[in-house]
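**Q** The structure's right below; bear with me while I get my questions together.
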Amino acid sequence: MQKGNKKEMKYVLVTGGVVSGLGKGVTASSVGLLLQSCGLRVTSIKIDPYLNTDAGTMSPFEHGEVFVLDDGGEVDLDLGNYERFLDIKLTRDNNITTGKIYQSVIDKERRGDYLGSTVQVVPHITDAIQEWIERVAAIPVDGKEGSPDVCVIELGGTIGDIESMPFIEALGQFSYRVGTGNFCLIHVSLVPVLNVVGEPKTKPTQHSVRGLRSLGMTPNILACRSTMELDVNVKEKLSRFCHVPLENIVSLYDVPNIWHIPSLMRDQKAHEAILKALNLLSVVCKPALENWTTMAQRCDMLQEPVVVAMVGKYTGLSDAYLSIHKALLHASVACRRKLIINWVSASDLEDATALKDPEANRAAWNSLKAADAVLVPGGFGDRGVEGKIIAAKYARKNKIPYLGICLGMQVAVIEYARSVLGLQNANSTEFDANTKNPCVIFMPEGSKTHMGGTMRLGSRRTYFQVADCKSAQLYGNQSFIDERHRHRYEVNPNMVSQLEKAGLSFTGKDETGQRMQIVELHSHPYFVGVQFHPEYKSRPRKPSALFLGLIAAASGQLDAFLKKSVGGTKANGYIPIGKGKPGLSPKHRYGPINAKVNIGSFDGMYTNGNGLHV
101 MQKGNKKEMK
111 YVLVTGGVVS
121 GLGKGVTASS
131 VGLLLQSCGL
141 RVTSIKIDPY
151 LNTDAGTMSP
161 FEHGEVFVLD
171 DGGEVDLDLG
181 NYERFLDIKL
191 TRDNNITTGK
201 IYQSVIDKER
211 RGDYLGSTVQ
221 VVPHITDAIQ
231 EWIERVAAIP
241 VDGKEGSPDV
251 CVIELGGTIG
261 DIESMPFIEA
271 LGQFSYRVGT
281 GNFCLIHVSL
291 VPVLNVVGEP
301 KTKPTQHSVR
311 GLRSLGMTPN
321 ILACRSTMEL
331 DVNVKEKLSR
341 FCHVPLENIV
351 SLYDVPNIWH
361 IPSLMRDQKA
371 HEAILKALNL
381 LSVVCKPALE
391 NWTTMAQRCD
401 MLQEPVVVAM
411 VGKYTGLSDA
421 YLSIHKALLH
431 ASVACRRKLI
441 INWVSASDLE
451 DATALKDPEA
461 NRAAWNSLKA
471 ADAVLVPGGF
481 GDRGVEGKII
491 AAKYARKNKI
501 PYLGICLGMQ
511 VAVIEYARSV
521 LGLQNANSTE
531 FDANTKNPCV
541 IFMPEGSKTH
551 MGGTMRLGSR
561 RTYFQVADCK
571 SAQLYGNQSF
581 IDERHRHRYE
591 VNPNMVSQLE
601 KAGLSFTGKD
611 ETGQRMQIVE
621 LHSHPYFVGV
631 QFHPEYKSRP
641 RKPSALFLGL
651 IAAASGQLDA
661 FLKKSVGGTK
671 ANGYIPIGKG
681 KPGLSPKHRY
691 GPINAKVNIG
701 SFDGMYTNGN
711 GLHV
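If you read the sequence shown in our numbering, its first letter stands for residue 101, the second for the next number, and so on.
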């Protein structure tokens, strides 16, 4: 891998064809993990062809969740997949957008860097794309010194999209520039199985590859998404018409959970095809995926359920809470429980819905009461806020394990002020600018005129104020922690003393002591609210401490966890605790409840509908 004294970077490009949503992000993450298991250091880049500078101002309904990085970058949710699979820390520059590229070129033109030249898509935009990739690929993301060995690049969208044309041209030039042996192209395409005939149809993939080749790029490997495993006859047909060697056609069929994808690729020797294309076959070891495979199999075998009510605003689109769902799953597997999520639309819990749509209100309450734990995630705007406050009150009064994240912490504080302090008009200035009891206020340094990149973003330090609180114990009794933030509003420090005298404890604060980061109710089995977003740093083998605490409390295992002080400190995250204490489930307390339980898959493209999406 050395050329003279300089280390040659290897690149793997993952593109998609036929339709979007095939699972390119999961495929790219699995490729990275497969190469990592062979002893290579891997980094990742996601290219999004939209004109936005970043994902920060996009609606969750439009684009799914916004994933936040340590450096404050608001990026595409696929970077969350990369970080979870590879256990790495990416930067905002690992997400390339059309907006970023054009902005950088326009800035150069204004400075006079192109003085005398006509600035055009080719060569200026395409050169900027290539320079960006080369620069970011060399940045270490695994905590070690020196540049990575391989950079996995995912091109968003579908081959043939107008907005991705400059990137296709740039990547074609880039593959020629880095040379044969340093570039591998994996094309992910759909091979549908029509119910009428019951056989896989290869024509869509043939057309997709033909389109890719017409743009000057030929795939080294064909990753075929399908509901069923492709037999050799189908692979031979694809090989013949797509000009891809038979052994380089990989069948990515539906599996119980996406943790199986790396081993699925390994079993078809996809790693050998990639390593051969990159001239690395003779210098790496065989993939060591035993622990990962064991984890995937363990996930499939879970039987005893734990039910979590997710009370949110964007429950109509599951990708809006992708990282939270995955963090819950990581914790559930660590606690040996099968995760079931009851999706509860916050507004359906409100009195207004009870009058307008009694059936929706009844279903929402049944789902809430059927849960072993309640989680209220973040969000923006006033829609559904009263429903979130109702959920926090229900969990507090009925001793149901509760975790509030960002807005979920703020509504818990508002509810406590209303119910315990008797301040009926207590509110956030986000929802009522004229409230006489502002429990939550706008950040002093925040901008009210510019929305993009103006929140409190990225990794920030939280100092524990109470040594024996549940959150500190779950984090391994550390004096401080670093977690990622994304908010504009925070608890009013002028009301903290009043709230604490009434029993609410702010157990975590920032270095100034003025920003409330963690709130707990000591008289409750597990009632925790955090201003930060712990879900962003949860990993399959290293579950988030607070999510671990929530699931442990919901399954009767919290006392054992706290006694061992294990949360967040065990490398593998799997702690054999036993079966928990009987009689703790709300279903036991309140009797049978007719609840609509939604355990549908987050990503039907890669799962079989049993709700296990990692």
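Where a beta carbon is used, it is the ideal one built from N, C-alpha and C, also for glycine.
1) Could you tell me the distance, in whole angstroms, from the CA atom of A370 to the CA atom of V350?
2) Determine the direct distance from the alpha carbon of K124 to that of I424, and round the result to whole angstroms.
3) Check P538 in the structure and name its three-state DSSP category.
4) Put E590 into one of helix, strand or coil per three-state DSSP.
5) Name the two residues that bound the continuous beta strand (DSSP E) containing C385.
6) Distance check for S129 and M365, CA to CA, integer angstroms please.
7) What's the C-alpha gap between M317 and G481?
8) Looking only at its chain, what residues have a beta carbon closer than 6 Å to the beta carbon of E635, apart from the 5 residues adjacent to it on each side?
9) Mapping the DSSP letters down to three states, classify T669 as helix, strand or coil.
10) Got a sec? Which residues, its chain only, sit under 7 Å from P319 by beta carbon, not counting five neighbours each side?
11) Please return the same chain residues whose Cβ sits closer than 8 Å to the Cβ of N592, not counting the five positions on each side in sequence.
12) When you compare the CB positions of V168 and R586, do they come within less than 8 Å of one another, or not?
13) Locate the beta strand (DSSP E) running through C284, then write down its first and last residues.
14) State the CB to CB distance for the pair I253 and L113, rounded to an integer number of angstroms; the pair is presumed to be in contact (CB under 8 Å).
15) Residues in the same chain with beta-carbon distance under 7 Å from T153, minus the five sequence neighbours each way, listed in chain order, please.
16) To the nearest angstrom, how far is the alpha carbon of A155 from that of I188?
17) Following a CB-centred definition, is V131 positioned closer than 7 Å to any heavy atom of the ligand FMN?
18) Answer yes if the segment 408–424 comes into contact with the segment 378–391, meaning at least three C-beta pairs across the two stretches below 8 Å, and no otherwise.
19) Could you spell out where the beta strand (DSSP E) holding T115 opens and where it closes?
20) Leaving aside the five residues before and after V119 along the sequence, list all residues of the same chain whose C-beta is less than 6 Å from its C-beta, in chain order.
21) Taking the alpha-carbon positions, what's the W715 to H430 distance?
22) Going by DSSP, name the residue or residues bridged to A473.
23) CA-CA distance, N461 and G487?
24) What is the rounded straight-line gap between the Cα of V334 and the Cα of V485?
25) Quick check on N577: does DSSP put it in helix, strand or coil?
26) Classify P682: buried if its beta carbon has 16 or more other beta carbons within 10 angstroms, exposed otherwise.
27) Out of P223, R325, F564, which one is the CA nearest neighbour of V355?
28) Excluding the five sequence neighbours on either side, which residues of its own chain have a C-beta within less than 6 Å of the C-beta of L315, listed in chain order?
29) Taking C-beta to C-beta, are V142 and V278 nearer than 8 Å?
30) By alpha-carbon positions, which one of K301, D178, Y214, L140 ends up nearest to P240?
31) Where are the alpha helix (DSSP H) runs, 4 residues long or more, that stay fully inside the segment 137–173, in chain order?
32) Is the beta carbon of V406 closer than 8 Å to that of A645?
33) Do N391 and Y111 count as a contact pair if the criterion is CB distance below 8 Å?
34) Along the chain, where does the alpha helix (DSSP H) that runs through L516 open and close?
35) Hey, would you say L503 sits closer than 8 Å to Q598, going by beta carbons?
36) For P692, does the three-state DSSP call read helix, strand or coil?
**A** From the atom records:
1) 7 Å
2) 21 Å
3) strand
4) strand
5) C385 -> no beta strand (DSSP E), and no H or E assigned at all.
6) 12 Å
7) 45 Å
8) S423, I424, A427
9) Low confidence applies to T669: its pLDDT is 45, below 50, so where it sits in the model is not reliable, and the reading given next is rough at best. Here T669 sits in coil by DSSP.
10) L285, I286, H287, V309, L312, V344
11) P538, C539, V540, I541
12) yes
13) 283–290
14) 5 Å
15) T197, G199, K200, Q203, G552
16) 20 Å
17) With respect to small molecules bound, the structure shown includes none, and the ligand FMN cannot be examined in it.
18) no
19) 110–116
20) L290
21) The structure shown does not extend to residue 715, since the chain is modelled only from 101 through 714, so no value can be given for it.
22) V408
23) 11 Å
24) 52 Å
25) coil
26) Summary for P682: the model assigns pLDDT 35, below 50, so the residue's position carries little reliability, and this model does not support an answer.
27) R325
28) I268
29) no
30) L140
31) 160–163
32) no
33) no
34) According to the sequence as given, residue 516 is Tyr; it is not Leu. Note, Y516: alpha helix (DSSP H), 507–519.
35) no
36) Since pLDDT at P692 reaches only 33, below the 50 mark, its modelled position is unreliable, and no value is offered.
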